[in-house]
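Undergrad: First the structure, which I've put down as structure tokens, then a few questions once you've had a look.
Numbering (this note's numbering), first residue to last: -10 to 333.
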């Protein structure tokens, strides 16, 4: 690839970013479609947020984002709930005494002082308030016993216990502990590595030789098949992808697996990555994230002629694509919140 080819995407993104900011200030001009302008720093977003503050709906969701300091995704998620939901309004770190739902929306793993702060915040709410991802269970996936717990519940997970017979023979993934977006490397097992946990490597290559990873979203009983990634590298992530498919149907056993993850870890919002093992087609969970990136990738938004930041789950970003058998995302979101509040 030559230098021109390498710089073109960067220049396109820079131009798109500048235009996104400019449109925040010129959204009212003829020929501009405000509905194509998403969240950003500027007056259009500020006007919408001002309207949101006076728009209490049937269900009030209070997002608590105390970590990292200053927040990261909470203002973005609360904005889109207020914009899109028909029955839910959202506040960020505010309106606790009026909340029907507390949604712990912080970077994991949360430190002990942050956990205590979140627990104190919950006491400010109503006695029967529903809680998504309670602080006491927020770090459950980071517990060293999490995979053993899931395995006992019948959930397919990589092997995590090894002995001397595995040294130099068993291929494993070493993942750094207690960090988000954990750095990892692939290696024959070489014993305990300080600061890392070892997981058996699951070969997910399909007949075309590409590694395959599935991702799904879980929210209070609602499951959304998000996408399938294909890569020629073992670490299947967005930047190594060779292809992506937004339209795939999950079978009943896969849905049951994800419901079981929620029951075992006692979390109600997360994304789950899983693979279908090449040797026997078994479903194996490889990662769970209770604080996933909610912002759609720029390349997706650009292709649609949209600007600003958009929620990646929104059906507007996937026109004409049937993602499983679900209804419109926001209709399903509202239905999940109704059920959650009803069960409290």
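Where a beta carbon is used, it is the ideal one built from N, C-alpha and C, also for glycine. Keep in mind the model is a prediction, meaning the values are calculated, not measured.
1. Could you give the DSSP three-state label for residue 189: helix, strand or coil?
2. Counting only the same chain and skipping the five closest in sequence on each side, list residues whose C-beta sits under 7 Å from that of residue 12.
3. In three-state terms, what does DSSP make of residue 330?
4. Using a threshold of 8 Å, state whether the C-beta atoms of residue 89 and residue 121 are closer than that.
5. Count the CB pairs spanning the segment 30 to 43 and the segment 253 to 269 that are closer than 8 Å, and state whether there are at least three.
6. From residue 308 to residue 284, what does the alpha carbon distance come to, in whole angstroms?
7. Would residue 147 and residue 191 be called neighbours here (beta carbons separated by less than 8 Å)?
8. What three-state label does DSSP hand residue 92 in the structure shown?
9. What span of residues does the beta strand (DSSP E) with residue 275 cover, start to end?
10. On the DSSP bridge list, what partners appear for residue 217?
11. I need the DSSP call for residue 79, collapsed to helix, strand or coil.
12. I need the DSSP call for residue -5, collapsed to helix, strand or coil.
13. If you drop the 5 nearest sequence neighbours on each side, which residues of the same chain put their C-beta closer than 7 Å to that of residue 176?
14. How would you call residue 74, buried or exposed, if buried means at least 16 neighbouring beta carbons within 10 angstroms?
15. For residue 390, collect the residues of the same chain with a Cβ closer than 6 Å to its Cβ; drop the 5 residues on either side in sequence, then sort them by chain order.
16. Can you give the Cα-Cα distance for residue 305 and residue 45, rounded to whole angstroms?
17. In three-state terms, what does DSSP make of residue 172?
18. Does the Cβ of residue -4 have 16 or more other Cβ atoms within 10 Å, making it buried, or fewer, making it exposed?
19. Which first and last residues belong to the beta strand (DSSP E) in which residue 244 is found?
20. Going by the DSSP bridge assignment, what does residue 212 pair with across the sheet?
21. Would you mind giving the Cβ-Cβ distance between residue 201 and residue 184, rounded to the nearest angstrom? I have them listed as a contact below 8 Å.
22. How should residue 220 be labelled, buried or exposed, when 16 other C-beta atoms within 10 angstroms of its C-beta is the threshold for buried?
23. Checking the sheet assignment: what are the DSSP bridge partners for residue 339?
24. Which value, in whole angstroms, describes the spacing of the CA atoms of residue 15 and residue 91?
25. Residue 14 CB to nearest chain D CB: under 8 Å?
TA: A quick look at the data gives this:
1. The sequence position of residue 189 within the chain shown is 200, counting from 1. Strand.
2. Walking along the chain shown from the start, residue 12 turns up at place 23. 21, 26 and 296, listed in sequence order.
3. Working through the chain shown from its first residue, we reach residue 330 at position 341. Helix, per DSSP.
4. Taking the chain shown and counting its residues from 1, the one referred to as residue 89 is at position 100. Taking the chain shown and counting its residues from 1, the one referred to as residue 121 is at position 132. Contact flag unset, no.
5. no
6. Residue mapping note: residue 308 aligns to position 319 of the chain shown, counting from 1. Residue mapping note: residue 284 aligns to position 295 of the chain shown, counting from 1. Between residue 308 and residue 284, the C-alpha separation is close to 17 Å.
7. Taking the chain shown and counting its residues from 1, one reaches residue 147 at position 158. Taking the chain shown and counting its residues from 1, one reaches residue 191 at position 202. Contact: yes.
8. As a first step, residue 92 must be located in the chain shown, where it is residue number 103. The answer is strand: DSSP assigns residue 92 an E or B state.
9. Counting from 1 along the chain shown, the entry for residue 275 is found at position 286. Note, residue 275: beta strand (DSSP E), 272 to 278.
10. Locating residue 217 in the chain shown gives position 228, counting from the first residue. 203 and 234, per the DSSP bridge assignment.
11. For the purposes of this step, residue 79 is identified with residue 90 of the chain shown, where counting begins at 1. Three-state result, residue 79: strand.
12. Here the question's residue -5 lines up with position 6 in the chain shown. Here residue -5 scores only 37 on pLDDT, less than 50, and its place in the model should not be relied on; the value that follows carries that caveat. Helix at residue -5.
13. For the purposes of this step, residue 176 is taken as the residue at position 187 of the chain shown. 161 and 163.
14. Here residue 74 refers to the residue found at position 85 of the chain shown. Buried, since its Cβ has 16 or more Cβ neighbours within 10 Å.
15. Given that the chain is displayed from residue -10 to residue 333, the structure contains no residue 390 and the question cannot be resolved.
16. Taking the first residue of the chain shown as 1, we reach residue 305 at position 316. Taking the first residue of the chain shown as 1, we reach residue 45 at position 56. Answer to the nearest angstrom: the Cα atoms are 24 Å apart.
17. Residue numbering aside, residue 172 sits at position 183 when the chain shown is read from its first letter. Residue 172: coil per DSSP, three-state reduction.
18. Mapped onto the chain shown, residue -4 falls at position 7. Unreliable placement is indicated for residue -4, whose pLDDT of 42 sits below 50; the coordinate value is still reported in the next sentence. Classification for residue -4: exposed.
19. In the chain shown, residue 244 corresponds to position 255, counting from 1. That residue, residue 244, is in no beta strand (DSSP E); its alpha helix (DSSP H) goes 241 to 254.
20. Within the chain shown, numbered from 1, the residue matching residue 212 stands at position 223. In DSSP, residue 212 forms a bridge with 207.
21. One-based indexing of the chain shown puts residue 201 at position 212. One-based indexing of the chain shown puts residue 184 at position 195. By a beta-carbon distance limit of 8 Å, residue 201 does not contact residue 184. Their separation comes to about 29 Å.
22. Counting from one through the chain shown, the residue named residue 220 turns up at place 231. Around the beta carbon of residue 220, a 10 Å sphere encloses 16 or more other beta carbons of the protein chains shown; the residue is thus reported as buried.
23. Because the chain spans -10 through 333 in this model, residue 339 falls outside it and cannot be assessed.
24. Taking the chain shown and counting its residues from 1, one reaches residue 15 at position 26. Taking the chain shown and counting its residues from 1, one reaches residue 91 at position 102. Going by the C-alpha atoms only, they are around 36 Å apart.
25. Among the protein chains of the structure shown there is no chain D, as only one such chain exists.
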